[in-house]
Ligand SMILES: Nc1nc2c(ncn2[C@@H]2O[C@H](COP(=O)(O)OP(=O)(O)O)[C@@H](O)[C@H]2O)c(=O)[nH]1
Ligand SMILES: [Mg+2]
């Protein structure tokens with residue numbers, strides 16, 4: 126993309142639901158170049174001004190998480206196709222910080238979403254291959270606004286269960302859906318406790334063929350385990366079974382997502398989104414400060430010496446940290 130960005134043209138194109146303009150705008154918000162960052166800010170401000178994007182957007186935002194191979198992409202293909210057939214416009218985004226290292230992407234396997242990729246009412250965007258999780262999250266939140274302004278009334282965000290990425294995605298969607306496979310008894314321990322605390326709806330996927338009964342049993346056990354983790358919160362996350370491959374249970378799952386939304390209510394949803402914006406504000410600030418710290422010439426100048434002294438046991442961590450911070454502050 127050239128350094129000069131025609132924001133007016135982008136706003137007009139996005140407003141008209143133009144795919145090329147949408148794609149260009151998302152490329153813009155993924156860019157780390159200062160000129161692009163400034164143009165992206167202007168674009169987002171313009172898109173948020175009429176309420177079609179941002180906190181006041183009426184779009185349904187859903188995060189979809191689960192380990193690689195659980196069937197997220199297949200499920201999104203099934204759900205997305207049903208939603209577009211029902212008249213919705215569906216945007217699909219991905220948060221996959223590991224794609225930077227592996228060179229792959231959660232949505233790299235577009236073959237799993239062949240129908241949805243070719244669907245004019247859907248727009249699928251792979252995870253940006255920008256460095257940090259913070260960077261990817263920043264790009265994703267902005268891409269969400271672009272998609273909503275372009276008329277997508279459902280936005281699905283796929284994320285792998287790696288490190289902090291689930292928590293990050295939970296902080297940008299209205300409803301967080303966790304897909305898992307039939308696990309019973311001790312295997313349940315393998316599910317990270319943290320994920321059960323942030324999930325709004327849980328589905329045991331691949332409940333088809335021989336595995337259907339097993340999936341039902343697992344769902345019942347999981348529902349029991351969940352009651353212990355979640356205590357007596359207001360919303361009891363439903364645990365259902367589904368198959369993205371055969372489409373069985375996918376409609377029901379979507380009803381649960383909408384039920385969670387109803388449960389939040391208009392005010393509750395607005396409060397949730399506003400709170401997310403505030404949390405995200407600070408996350409962005411921390412991420413940016415981290416970058417500045419890394420790139421600070423004053424810090425770089427002393428970094429190797431400090432490292433050597435700490436490794437040699439000559440410098441306590443607390444003193445080393447103070448020295449680095451002092452160098453940063455004085456720069
Ligand atoms: N039996 C069955 N297989 C599935 C289902 N969903 C996905 N798969 C298979 O599981 C593998 C991984 O699916 P994929 O959607 O790429 O998983 P992701 O890594 O979570 O996105 C593929 O071989 C799929 O065909 C399902 O509902 N039932
Ligand atoms: Mg996938």
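Residue numbers (my numbering): 126 to 456.
Idealized CB from N, CA, C, for every residue including glycine.
| task | Count the CB pairs spanning the segment 278-298 and the segment 202-215 that are closer than 8 Å, and state whether there are at least three. | result | yes
| Bridge partners - residue 328, DSSP secondary structure assignment | As a first step, residue 328 must be located in the chain shown, where it is residue number 203. Note: residue 328 sits in a beta bridge opposite 304 and 365.
| task | Within the same chain, show all residues whose beta-carbon is closer than 6 Å to that of residue 127, passing over the 5 residues directly before and after it, in chain order. | result | What you label residue 127 is simply residue 2 of the chain shown in a count that begins at 1. Note that residue 127 has pLDDT 49, beneath the 50 cutoff, so the model's placement of it is unreliable and the number below is only indicative. Closer than 6 Å at Cβ, skipping near neighbours: no residue.
| task | Please indicate yes or no: does the CB of residue 317 lie closer than 8 Å to some heavy atom of ligand 1? | result | Translated into the one-based positions of the chain shown, residue 317 becomes position 192. No.
| said: Helix, strand or coil for residue 437? Go by DSSP, reduced to three states. | reply: Here residue 437 refers to the residue found at position 312 of the chain shown. Three-state result, residue 437: coil.
| query | Leaving out five residues before and five after residue 208 in sequence, what residues of the same chain have Cβ atoms less than 8 Å from its Cβ? | reply | In the chain shown, residue 208 corresponds to position 83, counting from 1. Excluding residues within five positions, the ones whose Cβ falls inside 8 Å are 215, 279 and 379.
| field | Cβ pair count under 8 Å reaching 3, the segment 309-328 against the segment 362-379 | value | Because the criterion of three Cβ pairs below 8 Å is met, the segment 309-328 and the segment 362-379 touch.
| field | CB contact flag (residue 297, residue 247, <9 Å) | value | Locating residue 297 in the chain shown gives position 172, counting from the first residue. Locating residue 247 in the chain shown gives position 122, counting from the first residue. Judged by beta-carbon spacing, residue 247 lies beyond the 9 Å limit of residue 297, meaning their Cβ atoms are not closer than that value.
| task | Say yes only if the C-beta of residue 198 is nearer than 8 Å to one or more non-hydrogen atoms of ligand 2, and no if none qualify. | result | Against the chain shown, residue 198 aligns to sequence position 73. Answer for residue 198: yes, Cβ within range of ligand 2.
| Among the residues of its own chain, which have a CB less than 6 Å from the CB of residue 269, if the five just before and after it don't count? | Numbered from its first residue, the chain shown carries residue 269 at position 144. Here the set comprises 280.
| Closest residue to residue 421 among 451, 402 and 152 (Cα-Cα distance) | Walking along the chain shown from the start, residue 421 turns up at place 296. Among 451, 402 and 152, the Cα nearest to that of residue 421 is on 451.
| query | Sorted by chain position, which residues of the same chain lie with C-beta nearer than 7 Å to residue 237's C-beta, five sequence neighbours on each side aside? | reply | Along the chain shown, one-based indexing puts residue 237 at 112. Hits under 7 Å: 198, 199 and 202.
| said: From the DSSP secondary-structure annotation, give me the bridge partner or partners of residue 189. | reply: For the purposes of this step, residue 189 is taken as the residue at position 64 of the chain shown. Residue 189 pairs with 283 and 302.
| request: May I ask whether a heavy atom of ligand 2 can be found less than 8 Å away from the beta carbon of residue 283? | output: To locate residue 283, count along the chain shown from 1; it is residue 158. Yes, the Cβ of residue 283 comes within 8 Å of a heavy atom of ligand 2.
| field | DSSP-derived helix/strand/coil call for residue 316 | value | Taking the chain shown and counting its residues from 1, the one referred to as residue 316 is at position 191. Coil.
| said: For ligand 1, I want to know if residue 193 counts as a neighbour, meaning its beta carbon is within less than 8 Å of at least one of the ligand's heavy atoms. | reply: On the chain shown, residue 193 is found 68 positions in, with the first residue counted as 1. Residue 193: yes, Cβ under 8 Å from ligand 1.
| task | Whole angstroms is fine: what's the gap from residue 229's alpha carbon to residue 132's? | result | Taking the first residue of the chain shown as 1, we reach residue 229 at position 104. Taking the first residue of the chain shown as 1, we reach residue 132 at position 7. With a pLDDT of 49 at residue 229, under the threshold of 50, the predicted position of this residue should be treated as unreliable, though the coordinate-derived value follows. Going from the Cα of residue 229 to the Cα of residue 132 covers about 31 Å.
| message | Going by DSSP in three states, residue 370 sits in which element: helix, strand or coil? | response | If you number the chain shown from 1, residue 370 lands on position 245. Here residue 370 sits in coil by DSSP.
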